[in-house]
Structure formats: C-alpha cells, structure tokens
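S.K.: Sharing a structure here in structure tokens format.
Residue numbers (full-length UniProt numbering): 1 to 304.
Rendered as structure tokens:
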C-alpha cells in the first residue's frame with residue numbers, strides 16, 4: 001500500500017519524518033495521511049519508550065512484525081525469518097541509550113551503517129472507521145506494529161523491536177517512503193532485505209528451477225523468502241495488494257512472504273501483514289509445489 005505524501009512534524013521526534021519532497025507547515029500540526037480508510041485519518045506521535053524498561057530487545061517472535069502502511073514486505077519477510085531462526089542476530093542490531101536507540105545495520109552495498117532514533121512512533125487515532133468485517137476501530141501504529149494497541153493497552157516489551165528497527169532504517173535512508181519497495185524491474189526484493197539486516201548476499205532461485213526437496217533442505221539450513229508474480233496473466237487469480245483482499249489461495253501479487261514450513265508436502269507461507277492478514281482475508285493457504293511454481297516469481301535464500 002502506498003503511503004502517500006507525509007510531512008515533517010515539529011517537536012522532539014522530528015528527525016524520524018523527513019520525507020522527500022515534503023512541505024513543512026509552520027508551527028505544530030498533525031498531518032493527514034490520505035487513502036488509509038474512509039474519513040479523515042490522521043497521525044500523531046507517541047513516546048512508546050515509556051512502555052520499554054528493559055536493557056535489550058527480545059526479537060524471537062516474528063508475529064511482532066506486522067506490516068503497516070508502506071510497501072516494505074521485501075524487508076519484513078527476511079525480518080520474520082531471522083526472528084524465527086536467528087533472533088540473536090536481530091537483537092545485536094540495537095544499542096539502547098538513555099531515551100535513544102541506535103540501530104546498526106548495513107547499506108545496500110553491504111557496508112555497515114547506523115542511525116540513532118528517539119522512542120517516538122507515529123500512530124493513527126481510529127475514530128469509528130470500519131475497514132473490514134469484524135474490525136473494531138482502535139488506535140494503531142502507522143507503520144510496522146499496527147494493531148499492537150500501543151495507545152489502548154500497554155504492550156509487552158518485546159513487541160517494539162520491529163517498529164524501532166524499521167524506524168532506524170527510515171531515518172538513515174531519508175524517511176519511511178524510502179522503504180517503499182516499488183514496482184517493476186527496479187523494485188526492492190527480499191535479497192535487499194537480507195543484505196540490510198545481515199550484510200550477507202542471499203541466493204536468488206526461480207521456482208521453476210527448484211524442487212520441493214531442495215526447498216526443504218534450504219529451510220533446514222537457513223531462511224527462505226518467496227515473492228509472488230505480478231503480471232496481467234495472473235490477475236484472474238491474484239488480487240493486487242491495494243485492493244486489500246486475497247485472491248487465489250488468499251495470495252497477494254508481487255508480495256514477499258516468509259516460507260514458514262513444509263507440511264504434508266504442502267508449502268506454508270507466512271504473510272508479514274501478521275494479524276492484519278486475518279482482517280484482510282489474505283492469510284495464504286498452503287500450496288502444492290505446482291501451485292507455488294505457477295504463482296512464484298523468486299525465492300531468496302539465506303544460509304545460516
């Protein structure tokens with residue numbers, strides 16, 4: 001989902017919101033985020049660090065990676081996989097200071113880099129807007145971590161790590177919009193996500209050149225991301241992501257998933273939308289190998 005145009009907000013957390021091409025209004029303000037739902041959705045800043053009193057993050061639960069209102073599945077699917085297989089690697093990316101958090105990661109060329117951020121995160125105050133059947137409006141984070149209920153219910157400490165990791169990268173690269181993966185030949189892929197998180201190169205494999213047995217071996221020895229195709233011939237099967245509803249097997253086109261496991265010769269994918277996938281009806285159904293190949297654009301495999 002495209003995030004639209006945002007502006008920098010004045011105040012103690014303004015370093016997190018430098019969006020290319022944005023115009024900064026005078027004085028204090030709350031900027032409208034268009035096209036998130038019907039009605040006037042706005043964001044405000046919340047000092048979520050008030051909820052965090054530990055000296056380290058617990059990155060062992062990939063369910064805390066919940067994609068928000070920007071298309072960075074290319075980053076979040078590798079993040080989910082590393083949380084499941086090697087959480088200590090993610091935990092080592094953080095240096096926690098007094099009211100600040102330094103996120104240490106890698107640039108696209110593999111060189112080490114870092115960004116220091118505050119404990120503020122943008123959130124959307126929901127005001128009675130129903131966006132899906134069964135949805136109960138509540139305050140939610142704008143980006144990674146939506147539906148954590150940070151404003152309504154105090155979260156456990158471990159649930160903030162993915163939000164802070166995404167914010168650190170957004171700060172370094174010039175704003176959250178810089179993490180939108182885009183479309184076409186120049187689109188960011190899961191291999192880029194692995195590189196930013198680990199500094200390592202993953203292996204690209206076309207699904208039609210692979211086998212179920214090879215995939216099973218890759219899962220035993222590392223993390224595998226899977227990206228669906230995006231072309232007109234598939235659109236009778238796959239709904240495009242902006243429509244928000246799953247199509248064939250509840251899949252989204254041109255979307256990066258974590259290959260979670262193989263069960264009874266069926267491939268189980270995990271959507272980095274997390275619990276939002278249930279609301280949007282795009283929890284991927286298990287796929288046979290033939291089905292996976294027919295809808296797949298690429299595997300990105302990182303041995304660990």
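Where a beta carbon is used, it is the ideal one built from N, C-alpha and C, also for glycine.
1) Keeping to the same chain, check which residues put their C-beta closer than 6 Å to that of residue 144; ignore five residues upstream and five downstream.
2) For residue 61, does the three-state DSSP call read helix, strand or coil?
3) As a quick exercise: from 198, 108 and 98, pick the residue whose alpha carbon is nearest that of residue 92.
4) So, using beta-carbon positions, are residue 317 and residue 289 closer together than 8 Å?
5) Can you grab the Cα-Cα spacing for the pair residue 30 / residue 121, in whole Å?
6) Let me know if residue 201 comes out buried or exposed under the rule of 16 or more other beta-carbons within 10 Å of its beta-carbon.
7) Drop a sphere of 10 angstroms on the beta-carbon of residue 253, count the other beta-carbons inside from all chains shown, and report buried for 16 or more, exposed for fewer.
8) Would you call residue 98 buried or exposed, if buried means 16 or more other Cβ atoms sit within 10 Å of its Cβ?
9) List, from N- to C-terminal side, the beta strand (DSSP E) runs of 3 residues or more that fit wholly inside the segment 76 to 134.
10) Between the alpha carbons of residue 272 and residue 174, how many angstroms are there, rounded?
11) Classify residue 296 as helix, strand or coil using the three-state DSSP reduction.
12) In whole angstroms, what is the alpha-carbon distance linking residue 176 and residue 71?
13) Looking at residue 108: is its Cβ nearer than 8 Å to the Cβ of residue 195?
14) Report the three-state DSSP secondary structure of residue 309 (helix, strand or coil).
15) Can you tell me which of 251, 111, 217 and 191 puts its alpha carbon nearest to the alpha carbon of residue 228?
16) When DSSP builds the beta bridges, which residues end up paired with residue 227?
17) Is residue 286 helix, strand or coil by DSSP?
18) Hey, could you find the ends of the beta strand (DSSP E) residue 270 is sitting in?
19) So, helix, strand or coil for residue 193, using DSSP?
20) What number of angstroms, rounded off, separates the C-alpha of residue 63 from the C-alpha of residue 209?
21) Name the one or two DSSP bridge partners that residue 262 has.
22) In whole angstroms, what separates the C-alpha of residue 101 from that of residue 284?
23) Should residue 203 be listed as close to the ligand PLP, given that the test is whether its C-beta is under 7 Å from any heavy atom?
24) List the residues that DSSP assigns as beta-bridge partners of residue 204.
25) Let's test the definition: count the other Cβ atoms within 10 Å of the Cβ of residue 207 and tell me whether it reaches 16, buried, or not, exposed.
26) List the DSSP bridge partners of residue 222.
27) Looking at the strands, I want to know which residues DSSP matches up with residue 141.
28) What did DSSP end up calling residue 278 once you bin it into helix, strand or coil?
29) Looking at residue 299: is its Cβ nearer than 8 Å to the Cβ of residue 224?
30) Should residue 226 be labelled buried (16 or more other beta-carbon atoms within 10 Å of its own) or exposed?
M.R.: With the structure as the only source:
1) The residue you call residue 144 lines up with position 144 of the chain shown. Excluding the 5 residues flanking it on each side, residue 144 has same chain C-beta neighbours closer than 6 Å at 68, 162, 163 and 166, in chain order.
2) One-based indexing of the chain shown puts residue 61 at position 61. Of the three classes helix, strand and coil, the one that applies to residue 61 here is coil, per DSSP.
3) As a working note, residue 92 is residue 92 in the chain shown. It is 198.
4) This structure cannot speak to residue 317, because the chain is shown only from 1 to 304.
5) Taking the chain shown and counting its residues from 1, one reaches residue 30 at position 30. Taking the chain shown and counting its residues from 1, one reaches residue 121 at position 121. No answer about residue 30 holds up, because its pLDDT of 37 lies below 50 and its placement is not dependable.
6) The count along the chain shown starts at 1 and reaches residue 201 at position 201. Classification of residue 201: exposed, given that the 10 Å Cβ count is below 16.
7) Position 253 of the chain shown holds residue 253. Per the 10 Å Cβ criterion, buried.
8) Within the chain shown, the letter at position 98 stands for residue 98. Answer is exposed; the Cβ neighbour count stays below 16.
9) Here the runs fully enclosed are 94 to 96, 100 to 106, 112 to 118 and 120 to 124.
10) Stepping through the chain shown from its first residue, residue 272 is reached at position 272. Stepping through the chain shown from its first residue, residue 174 is reached at position 174. Here the alpha carbon of residue 272 sits roughly 23 Å from the alpha carbon of residue 174.
11) Numbered from its first residue, the chain shown carries residue 296 at position 296. Reduced to three states, the DSSP call for residue 296 is strand.
12) Position 176 of the chain shown, counted from the first residue, corresponds to residue 176. Position 71 of the chain shown, counted from the first residue, corresponds to residue 71. In a straight line, the C-alpha of residue 176 is about 10 Å away from that of residue 71.
13) Reading the chain shown from its first residue, position 108 is the one you call residue 108. Reading the chain shown from its first residue, position 195 is the one you call residue 195. Yes; because the gap between Cβ atoms is below 8 Å, this pair is in contact.
14) Summary: the structure shown does not reach residue 309, with the chain confined to residues 1 through 304, and so no result is reported for it.
15) As a first step, residue 228 is located in the chain shown; it is residue number 228 there, counting from the start. Put simply, of 251, 111, 217 and 191 the residue whose alpha carbon is nearest the alpha carbon of residue 228 is 251.
16) As a first step, residue 227 must be located in the chain shown, where it is residue number 227. Its beta-bridge partners are 256 and 298.
17) As a first step, residue 286 is located in the chain shown; it is residue number 286 there, counting from the start. The DSSP-derived three-state label of residue 286 is coil.
18) Working through the chain shown from its first residue, we reach residue 270 at position 270. Segment 266 to 270, the beta strand (DSSP E) holding residue 270.
19) The residue labelled residue 193 in the question sits at position 193 within the chain shown. DSSP places residue 193 in the helix class (H, G or I) of the three-state scheme.
20) For the purposes of this step, residue 63 is taken as residue 63 along the chain shown, with counting starting at 1. For the purposes of this step, residue 209 is taken as residue 209 along the chain shown, with counting starting at 1. Rounded to the nearest angstrom, the gap between the Cα atoms of residue 63 and residue 209 is 31 Å.
21) Against the chain shown, residue 262 aligns to sequence position 262. Residue 262 is bridged to 267.
22) Taking the chain shown and counting its residues from 1, one reaches residue 101 at position 101. Taking the chain shown and counting its residues from 1, one reaches residue 284 at position 284. Approximately 34 Å, taken between the alpha carbons.
23) The model on display carries no ligand, and the ligand PLP is accordingly not part of it.
24) Indexing the chain shown from 1 puts residue 204 at position 204. Paired residues: 300.
25) Taking the first residue of the chain shown as position 1, residue 207 is located at position 207. Burial call: buried.
26) Walking along the chain shown from the start, residue 222 turns up at place 222. Looking at the DSSP assignment, residue 222 forms a beta bridge with 303.
27) What you label residue 141 is simply residue 141 of the chain shown in a count that begins at 1. Here residue 141 is bridged, per DSSP, to 123.
28) Here the question's residue 278 lines up with position 278 in the chain shown. It is helical.
29) The residue labelled residue 299 in the question sits at position 299 within the chain shown. The residue labelled residue 224 in the question sits at position 224 within the chain shown. Annotated as proximal: residue 299 and residue 224, with beta-carbon spacing under 8 Å.
30) In the chain shown, the residue the question calls residue 226 occupies position 226. The C-beta of residue 226 has 16 or more other C-beta atoms within 10 Å across all chains shown, which makes the residue buried.
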